[in-house]
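J.:
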DNA sequence: AACACGGGGAA
DNA sequence: TTCCCAGTGTT
């Protein structure tokens with residue numbers, strides 16, 4: 002595009018945004034801290050899912066100090082069900098850095114933003130453009146999809162290098178006047194019009210610039226290399242109760258999958274190995290027996306990169322083992338005080354619906 | 001550069 | 001079912 006076309010492109014884009022752009026809670030504020038929270042929540046998570054979490058979160062942690070001082074478990078509880086829990090941990094870690102190094106105010110330099118835990122290239126650019134009105138293109142999956150169609154770019158968007166290419170392209174398009182609106186307009190188009198499958202080109206304010214539309218090739222873009230199939234893992238979920246009927250729960254390790262969240266004890270099951278080894282595992286670890294092979298309840302939980310097949314087994318006999326640091330007895334009614342992954346919230350629901358020896 | 005990391009919504 | 005998503009940190 003030449004300079005004149007770029008001006009017209011911006012005009013069409015921004016004009017549409019001001020009349021048809023979405024009204025969202027984090028667009029009602031100029032507080033960089035709130036915008037930061039919204040951007041982190043929106044990573045890999047859709048707007049409608051985020052809205053209630055965002056409102057609750059800023060109400061609970063209205064200032065960087067409030068978040069910095071909160072117990073991590075409380076932050077995770079507010080994040081419960083949102084997924085990618087390292088985002089919450091990194092956000093709090095980053096806020097603590099901001100409180101210590103920058104007196105609680107987000108810096109305005111790109112390199113300083115990038116040095117903060119949880120702020121990567123996208124979030125730094127989003128903060129610069131949305132909170133500080135700097136002409137910085139915020140390249141995410143949405144923008145890459147829209148721009149790959151408009152300009153027929155067939156580079157693999159799964160590659161890191163490709164993001165830089167879009168960065169450069171968008172840098173040439175973005176103008177000084179309204180950088181926040183530029184980014185948010187393209188995000189809104191990506192989310193509501195230029196969708197991955199069901200495109201709605203008749204509503205698109207930049208249809209006249211779109212080369213893919215000209216060729217009817219919208220669905221050929223963006224090009225993205227294939228993902229490997231998720232692995233299947235079998236687990237027994239152990240329902241172990243003490244004499245008061247409380248359930249044994251454990252806190253997961255501080256790193257890795259679902260870090261720091263609570264769950265019922267899980268025992269990996271090798272599909273081709275049964276019996277004695279498992280029994281001794283439970284005996285050693287929890288000091289009780291569990292019901293044998295017959296399953297009371299079984300279901301699968303799908304993550305993006307793996308699948309859990311979970312089968313509930315009930316503990317039997319006295320529990321002698323002393324609790325370890327990361328273990329607790331919890332009454333059924335108290336489980337809601339702990340952050341649980343959705344996969345184990347399903348277990349709680351099953352208990353409530355199928356067992357009657359509650360405490 | 002490749003991989004780990006959740007969950008919900010859409011088709 | 002399958003695919004997708006306002007990414008970042010680790011290896």
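Numbering (our numbering), first residue to last: 2 to 360. Ideal Cβ placement from N, Cα and C applies to all residues, glycine included. Since the structure is predicted, the reported quantities are computational estimates derived from the model, not experimental observations.
Which residue from 239, 280, 123, 179 puts its Cα closest to that of residue 19?
T.: Residue mapping note: residue 19 aligns to position 18 of the first chain, counting from 1. Per the Cα distances, 179.
J.: Considering only residues of the same chain and omitting the five flanking positions on each side of residue 33, which have a CB-CB separation below 7 Å?
T.: Stepping through the first chain from its first residue, residue 33 is reached at position 32. So the qualifying residues of the chain are 107, 128, 132.
J.: Find out if the Cβ-Cβ distance for the pair residue 237, residue 314 is shorter than 8 Å.
T.: By one-based count along the first chain, residue 237 stands at place 236. By one-based count along the first chain, residue 314 stands at place 313. Yes; because the gap between Cβ atoms is below 8 Å, this pair is in contact.
J.: Which ranges would you report for the beta strand (DSSP E) in the segment 271-346 if only whole runs of at least 3 residues count?
T.: You should have 298-303, 307-317, 328-331.
J.: Which residues in the same chain as residue 1 place their Cβ atom closer than 6 Å to its Cβ, once the five residues preceding and following it in sequence are excluded?
T.: With the chain covering 2 to 360 only, the question about residue 1 has no answer from this structure.
J.: Straight-line CA distance for residue 344 to residue 191?
T.: Position 343 of the first chain, counting from 1, holds the residue named residue 344. Position 190 of the first chain, counting from 1, holds the residue named residue 191. In a straight line, the C-alpha of residue 344 is about 30 Å away from that of residue 191.
J.: To the nearest angstrom, report how far apart residue 139 and residue 189 are at their CA atoms.
T.: The sequence position of residue 139 within the first chain is 138, counting from 1. The sequence position of residue 189 within the first chain is 188, counting from 1. Going by the C-alpha atoms only, they are around 13 Å apart.
J.: Determine the direct distance from the alpha carbon of residue 71 to that of residue 337, and round the result to whole angstroms.
T.: Within the first chain, the letter at position 336 stands for residue 337. Within the first chain, the letter at position 70 stands for residue 71. Each residue's Cα considered, the two are about 18 Å apart.
J.: Whose C-beta lies closer than 8 Å to the C-beta of residue 30 among residues of the same chain, with five residues either side of it excluded?
T.: Position 29 of the first chain, counted from the start, is the residue given in the question as residue 30. Once the five neighbours on either side are set aside, the close Cβ partners of residue 30 are 36.
J.: Under a Cβ-count criterion, where at least 16 other Cβ atoms within 10 Å of its own Cβ denotes burial, should residue 294 be classed as buried or exposed?
T.: Reading the first chain from its first residue, position 293 is the one you call residue 294. At residue 294, the pLDDT of 49 sits below 50, so the modelled position is not reliable; the number obtained from the coordinates is stated separately. The residue in question, residue 294, is exposed, as its Cβ has fewer than 16 Cβ neighbours within 10 Å.
J.: Using only the alpha-carbon positions, how far apart do residue 42 and residue 210 sit?
T.: Against the first chain, residue 42 aligns to sequence position 41. Against the first chain, residue 210 aligns to sequence position 209. Their backbone Cα atoms lie some 32 Å apart in a straight line.
J.: So, for residue 184: in the same chain, excluding its five sequence neighbours on each side, which residues have a beta-carbon less than 6 Å away from its beta-carbon?
T.: Indexing the first chain from 1 puts residue 184 at position 183. Contacts found: 130, 139.
J.: Take residue 341 and list the residues in its own chain whose beta-carbon comes closer than 8 Å to its own, dropping the five residues that flank it on each side.
T.: The residue given as residue 341 occupies position 340 in the first chain. The answer, listed in chain order, is 81, 262, 263, 264, 349.
J.: Closest to residue 290 by C-alpha separation, out of 85, 299, 240, would be which residue?
T.: The residue labelled residue 290 in the question sits at position 289 within the first chain. The shortest Cα separation from residue 290 among 85, 299, 240 belongs to 240.
J.: What's the gap between the Cα of residue 195 and the Cα of residue 285?
T.: Residue numbering aside, residue 195 sits at position 194 when the first chain is read from its first letter. Residue numbering aside, residue 285 sits at position 284 when the first chain is read from its first letter. Those two C-alpha atoms are separated by around 56 Å.
J.: Identify which residue in 330, 301, 253, 220 has its Cα closest to the Cα of residue 244.
T.: Taking the first residue of the first chain as position 1, residue 244 is located at position 243. Of 330, 301, 253, 220, the residue nearest in Cα terms is 330.
J.: Could you please give the first and the last residue of the uninterrupted alpha helix (DSSP H) stretch that includes residue 90?
T.: The sequence position of residue 90 within the first chain is 89, counting from 1. Start and end: 87-102.
J.: If we ignore side chains and look at the alpha-carbon of each, how far apart do residue 227 and residue 234 end up?
T.: Within the first chain, numbered from 1, the residue matching residue 227 stands at position 226. Within the first chain, numbered from 1, the residue matching residue 234 stands at position 233. Taking the straight line joining both Cα atoms gives about 22 Å.
J.: Using a Cβ-Cβ cut-off of 7 Å (strictly less than) and excluding sequence neighbours within five positions of residue 120, which residues of its own chain qualify?
T.: The count along the first chain starts at 1 and reaches residue 120 at position 119. These residues qualify, in order along the chain: 95, 114.
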